[in-house]
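Engineer:
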Amino acid sequence: MNSRLDKLPPYYFVQLENKKKHIEKEGVKVYDFSIGDPDLSPPAKLIDFLRDELGKEVNNYSSTRGERRLRESFAQWYRTRYGVTLDPEKEMTMCVGTKEGIFHLPLALCDQGDVAIIPEPYYPVYLSATTLAGCNQYFLSMREENKFLLEFDSVPQEVLKKAKFIYVNYPNNPTSAVANESFYKSLIEWAQRNNIIIAQDAAYQDVIYDRKPISIMQFEGAKDIAVEFYSFSKLFNITGWRLGFAIGNEKIVSALHKVKSNADSGQYMGIQNAVARFLPISSSFLAEQQSTYKRRRQTFYSYLKIAGYQYFDSVGTFYVWWKLPKDIKSADFADKMLTSNRILVIPGSAFGPAGEGYVRAALTCPEEDIRRALENLKS
Ligand SMILES: Cc1ncc(COP(=O)(O)O)c(C=O)c1O
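Here it is, written out as structure tokens:
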């Protein structure tokens with residue numbers, strides 16, 4: 034076996050699923066706040082479009098950059114929503130889910146031994162992608178004292194000299210932190226000064242309430258140095274459809290596309306066409322969905338408050354970053370929650386040591402379940 038593979042911890046969610054199954058076998062209902070896989074349905078119109086596509090001749094290999102129709106529709110969406118112009122030929126490539134693009138990026142950017150800067154707590158794919166690509170990793174902790182915004186100025190000079198790129202992820206999984214304009218401006222300025230590529234993971238960019246979504250691409254200089262991964266998974270509740278984009282700097286996008294064109298052969302054209310058709314009419318669906326998540330979040334927060342817990346108060350993602358009392362290990366707390374309260378959450382330590390002291394709850398359950406689960410918590 035590849036020795037780099039041995040360095041990877043088992044994918045945490047697999048272990049979790051086993052634990053859940055074990056308890057459910059005894060006929061007990063588990064309130065599952067673990068995985069960020071929406072319980073909500075995709076928009077009805079999007080399903081209609083896909084049904085319609087099924088009857089067409091769209092069964093061959095598709096363009097690995099994404100069908101032209103989808104790229105144009107997505108470019109239009111970006112222009113309208115973010116005021117950003119993207120060249121569909123050069124500045125975008127489709128991903129078979131952004132996980133795929135995020136995973137392949139280090140292969141496109143790094144030679145063996147180059148350094149990748151990884152925010153911690155992290156989406157586990159940053160760890161596996163850079164490990165398997167043979168990168169060295171520098172973990173940059175995000176601290177609550179700084180609202181979980183990356184303190185990139187603290188990266189030491191000797192790391193900066195060897196660093197090729199940094200993963201950035203706002204709105205953030207798992208902390209739910211949201212970055213503001215001044216953060217992006219100084220990040221770009223720092224990256225330019227140090228010649229470091231920014232890989233902004235925007236999986237939750239439009240899962241945000243009471244605030245205008247921001248794309249890094251809106252800021253001056255971003256296209257010189259950054260690539261953004263934009264996902265349709267959580268946006269339209271189609272995590273299984275596997276569709277997203279890498280957009281931004283032409284050279285980075287091309288390098289990624291070169292890797293991808295050797296690794297995948299695009300996505301089913303029917304899915305691409307359906308999304309291309311739905312994007313221009315998606316805003317009312319999104320507004321309604323955002324208010325659902327907002328209500329769920331308020332409910333979750335209110336129960337935590339009553340039970341005397343603290344949390345990171347946020348307006349983005351569908352995660353609650355739940356702070357634990359001192360001296361309780363997050364894995365022990367999560368185990369206890371499951372066995373005593375039948376509540377499944379993810380220990381913060383599953384996202385790296387900097388996640389210790391917290392657990393993550395995904396608001397991917399109906400509000401009724403949140404109420405029932407957290408009533409138990411109170412007692
Ligand atoms: C932070 C983050 N990035 C990327 C992804 C990947 O999303 P997808 O591959 O479905 O686009 C996820 C999925 O959970 C995520 O949480």
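Per the working numbering, the sequence shown starts with residue 34, numbered consecutively.
Think of the CB as a built atom: it goes at the ideal place given N, C-alpha and C, for glycine as much as any other residue.
Buried or exposed: which applies to Val392, given that a residue is buried once 16 or more other Cβ atoms fall within 10 Å of its Cβ?
Structural biologist: With 16 or more Cβ atoms within 10 Å of its Cβ, Val392 is classed as buried.
Engineer: Quick one: does the C-beta of Thr272 sit closer than 7 Å to a heavy atom of ligand 1?
Structural biologist: At least one heavy atom of ligand 1 is nearer than 7 Å to the Cβ of Thr272, so yes.
Engineer: Give me the Cβ distance between Tyr115 and Met250, rounded to the nearest whole Å; I'm assuming they're in contact under 8 Å.
Structural biologist: Confirmed, Cβ separation roughly 7 Å.
Engineer: Check whether the stretch 138-147 touches the stretch 102-117, counting contact only when three or more Cβ pairs, one atom from each stretch, lie closer than 8 Å.
Structural biologist: No, they do not touch.
Engineer: If you count every other CB in all the chains shown that lies within 10 Å of the CB of Met34, and 16 or more means buried, which is it?
Structural biologist: Looking at its Cβ environment, which holds fewer than 16 other Cβ atoms inside 10 Å, Met34 is exposed.
Engineer: Quick one: what does DSSP say Asp70 is sitting in, helix, strand or coil?
Structural biologist: Note: Asp70 maps to coil in three-state DSSP.
Engineer: Could you have a look at Tyr156 and say whether DSSP puts it in helix, strand or coil?
Structural biologist: Three-state result, Tyr156: coil.
Engineer: Tell me the DSSP secondary structure of Gln305 in three-state form.
Structural biologist: In the structure shown, Gln305 sits in a helix (DSSP, three-state: H, G or I).
Engineer: Closest to Asp65 by C-alpha separation, out of Leu410, Glu408, Arg404 and Thr397, would be which residue?
Structural biologist: The shortest C-alpha separation from Asp65 is found at Thr397.
Engineer: Tell me, please, whether the stretch 210-228 touches the stretch 66-84 by the rule of three or more beta-carbon pairs shorter than 8 Å.
Structural biologist: Flag = no, the stretch 210-228 and the stretch 66-84 do not touch.
Engineer: Going straight from the alpha carbon of Ile56 to that of Ser67, what length do you get?
Structural biologist: Each residue's Cα considered, the two are about 15 Å apart.
Engineer: Any heavy atom of ligand 1 closer than 7 Å to the Cβ of Gly277?
Structural biologist: Flag set: Cβ of Gly277 near ligand 1.
Engineer: Once you ignore the five residues that flank Asn92 on each side, which residues in its own chain have a CB closer than 6 Å to its CB?
Structural biologist: If we look at Asn92 and ignore the five residues flanking it on each side, it has no Cβ neighbours.
Engineer: Following a CB-centred definition, is Ser264 positioned closer than 7 Å to any heavy atom of ligand 1?
Structural biologist: Under cutoff, so the answer is yes.
Engineer: Would DSSP call Thr118 helix, strand or coil?
Structural biologist: Three-state result, Thr118: coil.
Engineer: Near Tyr495, what residues of its chain come up, given a Cβ to Cβ distance below 7 Å and the 5 sequence neighbours on each side ignored?
Structural biologist: As shown, the chain starts at 34 and ends at 412. That puts residue 495 outside it, with no answer to give.
Engineer: Cutting at 6 Å between CB atoms, please list the residues of its own chain near Gly388, excluding the five before and the five after it.
Structural biologist: Contacts found: Pro154, Gly381 and Ser382.
Engineer: Determine the direct distance from the alpha carbon of Ala367 to that of Ile271, and round the result to whole angstroms.
Structural biologist: Ile271 and Ala367: Cα-Cα distance of roughly 28 Å.
Engineer: Taking the straight line between their C-alpha atoms, what separation do you get for Ser363 and Ser347?
Structural biologist: Whole-angstrom Cα-Cα distance: 20 Å.
Engineer: Please go through the stretch 249-307 and give each complete alpha helix (DSSP H) segment of 4 or more residues, from N-terminal end onward.
Structural biologist: Counting whole runs of 4 or more residues, the stretch 249-307 contains the alpha helix (DSSP H) stretches 255-258 and 283-296.
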